[in-house]
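Novice: The opening residue of the sequence shown carries number 20 in my numbering; numbering runs sequentially from there.
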Amino acid sequence: MQVSVLASGSKGNATFVAIDGAKILVDAGISATRIKKALAAENVDAADLDAVLLTHEHRDHVVGLATLSKWYHLPIYSRRKTLASLPISIQQAIASPLLHPVDGAFRLAGLSIMPFSTSHDAADPVGWRLAGSRTVAVCTDLGFVTQTVEAAIDGTDVLVLEANHDPAVLKDGRYPWPLKRRILSNRGHLANADAAWAIARMQHRPKDVFLAHLSQENNTPDLAYETVSGILKGQGIDDVPLHVARQDAAVRLI
Ligand SMILES: [Zn+2]
Ligand SMILES: [Zn+2]
20 MQVSVLASGS KGNATFVAID GAKILVDAGI SATRIKKALA AENVDAADLD
70 AVLLTHEHRD HVVGLATLSK WYHLPIYSRR KTLASLPISI QQAIASPLLH
120 PVDGAFRLAG LSIMPFSTSH DAADPVGWRL AGSRTVAVCT DLGFVTQTVE
170 AAIDGTDVLV LEANHDPAVL KDGRYPWPLK RRILSNRGHL ANADAAWAIA
220 RMQHRPKDVF LAHLSQENNT PDLAYETVSG ILKGQGIDDV PLHVARQDAA
270 VRLI
């Protein structure tokens, strides 16, 4: 198994997951050139990807999709409403047989792949659970952790979970109030402490956690790490290694 968060944050997201020989990209929110290069650095040829899974249609998750599809003709999976909400330029660039609307779990390249709904201000946003001999969940862009999310992330080996902001830093920061209100809303982005409590509440905690989609304005890698690890330690949990994903560099777990 390999999980490489190639890029994570409001300027672009892409995560590579390999399980049992299956090679999956979750989101294509950086340029196709960057995805190709970042995968090459992982010794992966982008042409060998089995699929691209989209969490939602926001630009920071899809901006590389049209070119990636043009180059490699990769099948793309997401909820029907998400595919219908992609920017028109992207929809026009992708041959419709490559677009696969999904509701529930399906099998692909030997894996069981399941979308699960998240609470975010997009058409029909999801996280993804990928299960083979090991299980990985990618869950970013959510205002709060619903019971659906709790169930979907439980028992995973590797969890990529949003730790977007510190509410106090956000409130004191320079963002205009409507944007602050959007981020803080239950359809916005997950605060560091909320990520920590989601991990603490899990019945079967992951072996590794990536803290992802950190705000560059309202968070820092140290603040996210210290907040989450501090809450976990306070609950007597000291056996979950935390890896902080980055906007401009890949962070990997092999
Ligand atoms: Zn995002
Ligand atoms: Zn989003």
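Yeah, the Cβ is synthetic: ideal placement off N, Cα and C, and Gly gets one too. Just so we're clear, the structure is a prediction, and the values are computed from it rather than from any experiment.
Does the beta-carbon distance from Thr167 to Phe135 come in below 8 Å?
Specialist: Residue mapping note: residue 167 aligns to position 148 of the sequence shown, counting from 1. Residue mapping note: residue 135 aligns to position 116 of the sequence shown, counting from 1. Cβ distance < 8 Å, so Thr167 and Phe135 count as in contact.
Novice: Ligand 2 and Ala47: does the residue's C-beta get closer than 7 Å to at least one heavy atom of that ligand?
Specialist: The residue labelled residue 47 in the question sits at position 28 within the sequence shown. Flag unset: Cβ of Ala47 not near ligand 2.
Novice: Once DSSP output is grouped into helix, strand and coil, what is the label at His184?
Specialist: Within the sequence shown, residue 184 is the residue found at index 165, counting from 1. It is a strand residue.
Novice: Since Ser138 and Thr165 should fall inside the 8 Å C-beta cutoff, what is the C-beta to C-beta distance between them, to a whole number of angstroms?
Specialist: Taking the sequence shown and counting its residues from 1, one reaches residue 138 at position 119. Taking the sequence shown and counting its residues from 1, one reaches residue 165 at position 146. Indeed they touch by this definition, with Cβ atoms about 6 Å apart.
Novice: Are the beta-carbon atoms belonging to His262 and Asp227 less than 8 Å from one another?
Specialist: The residue you call residue 262 lines up with position 243 of the sequence shown. The residue you call residue 227 lines up with position 208 of the sequence shown. Contact: yes.
Novice: With distances taken from CA atoms, which of Thr86, Asp143, Ile38 and Ser248 is nearest Ala6?
Specialist: In the structure displayed, the chain extends from 20 to 273; residue 6 sits before or after that span and is not available.
Novice: Quick check on the DSSP output: the beta strand (DSSP E) that includes Tyr91 runs from which residue to which?
Specialist: If you number the sequence shown from 1, residue 91 lands on position 72. No beta strand (DSSP E) holds Tyr91; the alpha helix (DSSP H) holding it covers Leu84 to Tyr91.
Novice: Once DSSP output is grouped into helix, strand and coil, what is the label at His80?
Specialist: Counting from 1 along the sequence shown, the entry for residue 80 is found at position 61. Helix at His80.
Novice: Starting from the C-beta of Asp67, find all residues in its chain whose C-beta is less than 6 Å away, skip the five residues before and the five after it, and write them out in chain order.
Specialist: Within the sequence shown, the letter at position 48 stands for residue 67. Excluding residues within five positions, the ones whose Cβ falls inside 6 Å are Lys42.
Novice: DSSP state of Asp19, grouped into three classes?
Specialist: An answer regarding residue 19 cannot be provided, because it is not within the stretch 20 to 273 covered by the chain.
Novice: Can you find the residues in the same chain that come closer than 6 Å, C-beta to C-beta, to Lys30, ignoring five residues on each side of it along the sequence?
Specialist: Start at 1 with the first residue of the sequence shown, and residue 30 comes out as number 11. Result list for Lys30: Gln266, in chain order.
Novice: Is any non-hydrogen atom of ligand 2 found closer than 7 Å to the C-beta of Asp4, if you look at the structure I gave you?
Specialist: The requested residue 4 does not occur in the structure, where the chain is confined to residues 20 to 273.
Novice: Three or more C-beta pairs closer than 8 Å, one from the region 202-213 and one from the region 172-183: is that the case here?
Specialist: Yes: the two stretches touch, three or more of their Cβ pairs being nearer than 8 Å.
Novice: Is the CB-CB distance between Ala264 and Ser27 below 8 Å?
Specialist: Within the sequence shown, residue 264 is the residue found at index 245, counting from 1. Within the sequence shown, residue 27 is the residue found at index 8, counting from 1. Contact: yes.
Novice: Helix, strand or coil: how does DSSP classify Thr159 here?
Specialist: Translated into positions along the sequence shown, residue 159 becomes position 140. In the structure shown, Thr159 sits in coil (DSSP, three-state: anything other than H, G, I, E or B).
Novice: Between the alpha carbons of Leu87 and Val270, how many angstroms are there, rounded?
Specialist: Looking up residue 87 in the sequence shown gives position 68. Looking up residue 270 in the sequence shown gives position 251. Near 21 Å, if we compare the C-alpha coordinates of Val270 and Leu87.
Novice: Can you tell me whether Ile95 is helix, strand or coil according to DSSP?
Specialist: Residue numbering aside, residue 95 sits at position 76 when the sequence shown is read from its first letter. It is a strand residue.
Novice: Express the C-alpha separation of Arg200 and Ile246 in angstroms, rounding to a whole number.
Specialist: Walking along the sequence shown from the start, residue 246 turns up at place 227. Walking along the sequence shown from the start, residue 200 turns up at place 181. Correcting the residue identity first, residue 246 is Thr in this sequence and not Ile. If you take the alpha carbons of Thr246 and Arg200, they lie about 22 Å apart.
Novice: Considering only C-alpha positions, which residue in the set Asp241, Val121, Val81 and Asp122 is nearest to Pro106?
Specialist: By one-based count along the sequence shown, residue 106 stands at place 87. Minimum Cα distance to Pro106 is reached at Val81.
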